[in-house]
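With the numbering used here applied, the sequence shown corresponds to residues 1 to 85, in that order.
Input: a single structure, listed below in structure tokens.
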Amino acid sequence: MPAPDKIDLYKSLERINEGQCVQMPHVGPYDCEHETIALMRKFTENARLKFAGPHHEIYLSDPRRVLPDRLKTILRQPVANGNGT
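See the structure below:
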């Protein structure tokens, strides 16, 4: 399905069923998100879980209006039992 030419982000709604997730707020530039993801990975491993699939990002700030060091994003990572069950 081709992407539409224009998307009205204020009228778009998508339901995602990810199951069990770990999430954490990230404040700062997008290119520093790996630091927050590393903290999430450490928490996940300590909880005997493992990352299960790609993470996604929920943007709370408009990068056109907010300085990079003040951007707010929620990082959400699906997880599964780390023992293979």
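The beta-carbon is built from N, C-alpha and C at its ideal position, and this holds for glycine as well.
{"Check": "C-beta contact flag for P25 and P68 at 8 Å", "Outcome": "no"}
{"Check": "Chain-order list of residues whose beta-carbon lies under 7 Å from that of P63 (same chain, five-residue window excluded)", "Outcome": "L71"}
{"Check": "Test item: CB-CB of R41 and N83 under 8 Å", "Outcome": "no"}
{"Check": "Simplified DSSP assignment, three categories, for E14", "Outcome": "coil"}
{"Check": "The alpha helix (DSSP H) enclosing L39, as first and last residue numbers", "Outcome": "33-46"}
{"Check": "Residues of its chain near V79, where Cβ-Cβ distance is below 7 Å and the 5 sequence neighbours each way are ignored", "Outcome": "Q20, C21, V22, T44, L49, K50, F51, A52"}
{"Check": "One or two residues paired with K72 in a DSSP bridge", "Outcome": "V27"}
{"Check": "Delimiting residues of the beta strand (DSSP E) encompassing H56", "Outcome": "56-59"}
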